[in-house]
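K.L.:
In the numbering used here, the protein residues as written are 3 to 332.
The structure follows.
This is the structure we're talking about:
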């Protein structure tokens, strides 16, 4: 068995190989160092500009309040608490520098995540390592977009201890998946179902299989349900599949109509349902928009829902929807 690489070995003892996992970890660290250096350089100039505030006659102060004034002109703040969600968490100059960093290194992040499965998908322990890598990438993306995701500590602890369940989430925006990946603890392993057309591409197929995603053929409802039930039965108890019962992004501020898939899978597999409600993601990236605003997304994990074997599927579905709907009626 080859000896692990030692970076402190002498010149006469050249390492035989570099493990791919360690190589990718080094590349990841280099990308993070590039970000930190760019932000550090900018913040140094930012502190200098603060010193010039006394001389500039308040120009700096007016500049830092410009984003709020622009947001009020573009999208009026509603009186029902939406102002907190859409309030920028960073001043405009910092948001601009973060977006610039995203443009510069975003492609490298994507290529890094996309091609990692092609090189080391067959290595032992790859799926857990790759899933953590994707979660960190989602967290980095939200940070560069100046988006904060909040969840109560007790709810995070409950998710970390959650087993033998199906996660059901409302769908409001394209930011929902990134927010969920960021906020759910690393100790909670979960995966998604995706339409089988994505598996037609070799690159996507390798990445999706490496991450453990479940392909669903949406052309046939019975085939899709059988595939989903079979995949959930084969999952370990500590792994949960994430389902969006609305089927698409909601067009209202509450919940859309639920499809029965999640309840059917839970009843067939004997698993419980963990409902999760995402707030305000549609305020930052609504339908038809491609550039998200800076702000705060709230994620709320509700108590575990258990299907009633004596009730009908429609009754369980209505009860699940009422439990999640009660969050919006507070």
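All C-beta atoms in this analysis are idealised placements derived from N, C-alpha and C, irrespective of residue type, glycine included.
What is the DSSP secondary structure of residue 241, counted as helix, strand or coil?
P.N.:
Strand.
K.L.:
Within 10 angstroms of its Cβ, does residue 292 collect 16 or more other Cβ (buried), or is it exposed?
P.N.:
Residue 292 comes out exposed.
K.L.:
Ignoring anything shorter than 3 residues or poking outside the stretch 262-306, list the beta strand (DSSP E) runs there in chain order.
P.N.:
Taking only runs of at least 3 residues, the beta strand (DSSP E) segments lying wholly in the stretch 262-306 are 274-281 and 297-303.
K.L.:
Determine the closest residue to residue 326 out of 280, 182 and 315, with distance taken between C-alpha atoms.
P.N.:
That would be 280, whose Cα lies nearest to the Cα of residue 326.
K.L.:
Roughly how many whole angstroms lie between the Cα atoms of residue 199 and residue 219?
P.N.:
So the two alpha carbons sit approximately 8 Å from each other.
K.L.:
Touch check for the stretch 283-292 and the stretch 168-180: three-plus C-beta pairs under 8 Å?
P.N.:
These segments touch.
K.L.:
Check this for me: beta carbons of residue 195 and residue 216, under 8 Å apart or not?
P.N.:
Their beta carbons are under 8 Å apart, which means residue 195 touches residue 216 by this criterion.
K.L.:
Name the two residues that bound the continuous alpha helix (DSSP H) containing residue 95.
P.N.:
94-122 is the extent of the alpha helix (DSSP H) around residue 95.
K.L.:
Please return the same chain residues whose Cβ sits closer than 7 Å to the Cβ of residue 249, not counting the five positions on each side in sequence.
P.N.:
Cβ neighbours of residue 249 beyond the five flanking positions: 261.
K.L.:
Considering only the beta carbon of each residue, do residue 275 and residue 168 sit closer than 8 Å?
P.N.:
Result yes, Cβ atoms of residue 275 and residue 168 sit closer than 8 Å.
K.L.:
How many whole angstroms separate the CB atoms of residue 97 and residue 165, which I take to be in contact at a CB cut-off of 8 Å?
P.N.:
Actually they are not in contact, since the Cβ atoms of residue 97 and residue 165 sit about 40 Å apart, beyond 8 Å.
K.L.:
Please decide whether residue 105 counts as near chain C, where near means a Cβ-Cβ distance under 8 Å.
P.N.:
The chain inventory of the structure shown lacks chain C, comprising one protein chain alone.
K.L.:
Following the continuous beta strand (DSSP E) through residue 167, name the residue where it begins and the one where it ends.
P.N.:
First-last of the beta strand (DSSP E) with residue 167: 167-171.
K.L.:
For residue 137, which residues from the same chain have a beta carbon less than 6 Å from its beta carbon, with the 5 sequence-adjacent residues on both sides left out?
P.N.:
Taken in chain order, the residues that qualify are 183.
K.L.:
Using only alpha-carbon positions, find the residue among 129, 105, 152 and 320 that is nearest to residue 143.
P.N.:
The shortest Cα separation from residue 143 among 129, 105, 152 and 320 belongs to 105.
K.L.:
Can you give me the start and stop residues for the alpha helix (DSSP H) that residue 129 sits inside?
P.N.:
From DSSP, the alpha helix (DSSP H) with residue 129 extends over 128-146.
K.L.:
So which of 140, 272 and 227 has the shortest CA-CA distance to residue 186?
P.N.:
Residue 140 is the option with its Cα nearest to residue 186.
K.L.:
Of all the options 270, 290 and 272, which has the alpha carbon lying nearest to the alpha carbon of residue 253?
P.N.:
Nearest C-alpha to residue 253: 290.
K.L.:
Find the nearest neighbour of residue 330 within the set 311, 301, 238 and 115, judged by alpha-carbon distance.
P.N.:
Considering only alpha carbons, the answer is 301.
K.L.:
Pick out whichever of 154, 205, 191 and 181 has its Cα sitting closest to the Cα of residue 112.
P.N.:
Answer by Cα proximity: 205.
K.L.:
Short check: CB of residue 209 to CB of residue 116, under 8 Å?
P.N.:
Yes, the Cβ-Cβ distance between residue 209 and residue 116 is below 8 Å.
K.L.:
Under the three-state reduction of DSSP, which class applies to residue 150: helix, strand or coil?
P.N.:
Residue 150 falls in the strand class under three-state DSSP.
K.L.:
Exposed or buried, residue 162, counting other C-beta atoms within 10 Å across all chains shown (16 or more means buried)?
P.N.:
That one is exposed.
K.L.:
Note down, in chain order, each residue of its chain lying with its Cβ closer than 8 Å to the Cβ of residue 316, except the 5 sequence neighbours on either side.
P.N.:
Answer for residue 316: 262, listed in chain order.
K.L.:
Contact defined as beta carbons within less than 8 Å: I believe residue 244 pairs with residue 273. What is the distance between those atoms, to the nearest angstrom?
P.N.:
Not quite, the Cβ-Cβ distance comes to about 13 Å (not below 8 Å), so this is no contact.
K.L.:
With DSSP collapsed to three states, give me the class of residue 190.
P.N.:
Coil, per DSSP.
K.L.:
Helix, strand or coil for residue 155 per DSSP?
P.N.:
Helix at residue 155.
K.L.:
So, under 8 Å CB-CB, residue 297 and residue 88 are touching, yes? Tell me the CB distance rounded to an integer number of Å.
P.N.:
Confirmed, about 5 Å.
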